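S.K.: The UniProt record's numbering puts the first residue of the sequence shown at 1, with every later residue one more than the last. All residues carry an ideal CB built from backbone N, CA and C; glycine is no exception. Model, not experiment: these values are computed from the prediction. What follows is a structure written as C-alpha cells; I'll ask about it next.
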Amino acid sequence: MAEIIKVAMPKGRIYKKASALFREAGLNIPLDVDDTRKLVIPLPEVGMEFILAKPVDVPTYVEYGVADIGIVGKDVLMEEKRDVYELLDLGIARCRMSVIALPDWKPGIQQRVATKYPNVASQYFREQGQQVEVIKLNGSIELAPLIGLADRIVDMVETGQTLRENGLVEMESIFEITSRLVANRVSYRMKNAEIQQVCDALQKVIGV
Ligand SMILES: Nc1ncnc2c1ncn2[C@@H]1O[C@H](COP(=O)(O)OP(=O)(O)OP(=O)(O)O)[C@@H](O)[C@H]1O
Ligand SMILES: O=P(O)(O)OC[C@H]1O[C@H](OP(=O)(O)OP(=O)(O)O)[C@H](O)[C@@H]1O
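Following this line, the structure appears as C-alpha cells:
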C-alpha cells in the first residue's frame with residue numbers, strides 16, 4: 001500500500017496558488033483553508049496529509065522529517081538555510097528581494113538596514129564590502145526608512161505598489177523569488193515513488 005505523504009503547506013498568500021496547482025495536477029484538495037482552525041488535514045483520497053504551517057517554519061518541519069515535503073518561498077530557504085532537498089521551482093508567488101531606500105539616500109558611515117531577512121541582508125552587504133547594522137523587523141518593513149529607524153531596507157517587491165505609495169525606490173535587486181517544492185532527504189529515499197509521483201504531476205502542470 002502506498003504511504004501517506006505529509007505536506008507542510010504555508011498558510012496565507014502561497015496557499016491559494018499552491019492548492020490551485022495541486023488541483024490542476026489532479027489532486028483533489030481543499031481550495032481554501034481560511035475558514036478552518038484545523039492545522040492537520042487528512043486527505044486519504046489523495047494519499048496525503050496537509051500540515052498548515054507559518055511560511056517561515058516550513059523548512060524546519062521538512063528538515064526534521066515531520067513533513068515529507070513542503071512548499072516554501074526561495075526567500076525563506078535563503079534565510080533559514082535548512083537542510084532540505086529542493087525538488088521543483090513551482091513558479092508561483094513570484095517577486096524579488098531588493099534593497100530599498102528613500103530617493104535622497106546617500107552612503108554614510110553608520111548605515112542601518114531593517115529587514116525580515118537578517119541572514120540574507122548581512123550576507124549581501126558583507127559581499128558588497130559594506131558595513132551595516134542589520135535590524136530585524138517582522139513586517140511593514142517599509143515603515144523603517146519613513147520614520148528614521150533605518151537608512152535602507154531589504155524586502156520583497158512584487159508590483160512595486162508598496163514602494164510607490166510610500167515614496168521609496170528600489171536601489172538593487174538581490175535575487176528572484178518563487179515558491180519551491182522541497183523534500184526531507186530521508187523521506188525522499190524512503191517514500192521516493194509517492195513523492196516522485198506528486199513532483200511529476202506538478203511538473204506537468206507547470207510545464208518544465
Ligand atoms: N508581495 C508578494 N508577492 C508575491 N509573493 C510574495 C509577496 N510577499 C511575500 N511573498 C511570498 O510569499 C511568502 C509568504 O509571504 P509572507 O511572509 O508575507 O507570509 P503570509 O502569507 O502573509 O503569512 P504570515 O504573515 O503568517 O507569515 C514569502 O515567503 C514569499 O515567498
Ligand atoms: O510590491 P508589492 O506588490 O507592493 O508587494 C511587496 C510587499 O508585499 C510584502 O508584504 P506583505 O503583504 O507580506 O506584508 P508585511 O509588510 O506585513 O510583510 C512585502 O514585504 C512588501 O511589503
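Under 8 Å: do the region 69 to 80 and the region 164 to 180 share three or more Cβ pairs, one atom per stretch?
M.R.: In short, these stretches touch, since the Cβ pair count reaches three.
S.K.: Which partner residues of residue 286 appear in the DSSP bridge assignment?
M.R.: This structure cannot speak to residue 286, because the chain is shown only from 1 to 208.
S.K.: Who sits around ligand 3, taking every residue whose Cβ is closer than 6 Å to one of its heavy atoms?
M.R.: Among the ligands modelled here, namely ligand 1 and ligand 2, ligand 3 does not occur.
S.K.: Whole angstroms is fine: what's the gap from V7's alpha carbon to L163's?
M.R.: 34 Å
S.K.: Is T115 helix, strand or coil when you go by DSSP?
M.R.: strand
S.K.: Would the beta-carbon of V40 fall within 8 Å of that of L27?
M.R.: no
S.K.: So I206 and G91 are supposed to be a Cβ contact under 8 Å. How far apart are they, rounded?
M.R.: 5 Å
S.K.: Name the one or two DSSP bridge partners that M97 has.
M.R.: M156, F175
S.K.: Considering only DSSP beta bridges, list what L181 is partnered with.
M.R.: I71, L88
S.K.: Since E3 is in the beta strand (DSSP E), which residue starts that stretch and which ends it?
M.R.: No beta strand (DSSP E) holds E3; DSSP gives it neither H nor E.
S.K.: Say whether the region 120 to 140 touches the region 81 to 96, bearing in mind that this needs 3 or more beta-carbon pairs closer than 8 Å, one atom from each stretch.
M.R.: No, the region 120 to 140 is not in contact with the region 81 to 96.
S.K.: Just to confirm the assignment, what range does the alpha helix (DSSP H) spanning E165 have?
M.R.: For E165, the enclosing alpha helix (DSSP H) has its first and last residue at 161 to 165.
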